Amino acid sequence: MRADDDLTYQEYKDSVESNMSLIKHSGWTPRQVTDWMTEEDNELLVGTSEALWIISIGAYEVEHDILEERVLEQLSYHIPRYEMGKYNDITPEERELLEKDITYIRSKVELWKLKDYD
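Mapping of the sequence shown onto our numbering: residues 41 to 158, in sequence order.
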């Protein structure tokens, strides 16, 4: 289930990139940026939309070596769920980009083993 059917994974990534510029331009910490993004995008934090949002944030944070522990925890939940086929409303174009980001994330960090992925 998606909160906004028109919002693509690339658009999530673009939004994250834009919002993370607050670190450089305003001196915010990654946590301040993601707190602000959570407040702004709260209606998107459901189902597939939440997974796409978290993975796009995680890919950015891993690439820039600023991964927050709480983002790692969420990645450790959403990436295995994606790999189990829990999010079935992802387009082939999104899937290609998403899998590239997941491969990159997995190459740089070890996901936590969680007890429950439901």
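Glycine residues also receive a C-beta, built at the ideal position from the N, C-alpha and C atoms.
This one's a predicted model, so the numbers in the text were calculated from it and none came from an experiment.
Simplified DSSP state of residue i, which is helix, strand or coil
i	result
Tyr100	helix
Gly125	coil
Lys148	helix
Glu134	helix
Lys155	coil
Pair within 8 Å by beta-carbon distance, residue i and residue j
i	j	result
Val56	Tyr100	yes
Val102	Ile142	no
Ile95	Leu138	yes
Leu115	Gly98	yes
Trp93	Asp81	yes
Thr78	Tyr127	no
Start and end residues, alpha helix (DSSP H) containing residue i
i	result
Glu75	The question names Glu, but residue 75 in the sequence shown is Asp. Its alpha helix (DSSP H) spans residues 70 to 80.
Ile106	Neither: Ile106 is in no alpha helix (DSSP H) and is coded neither H nor E.
Asp54	49 to 66
Burial state of residue i, where buried means 16 or more other Cβ atoms lie within 10 Å
i	result
Glu90	buried
Using 8 Å as the threshold, is the segment 45 to 52 in touch with the segment 70 to 78, meaning 3 or more CB pairs across them? no
The segment 59 to 67 touching the segment 108 to 121, judged by at least three CB pairs closer than 8 Å: no
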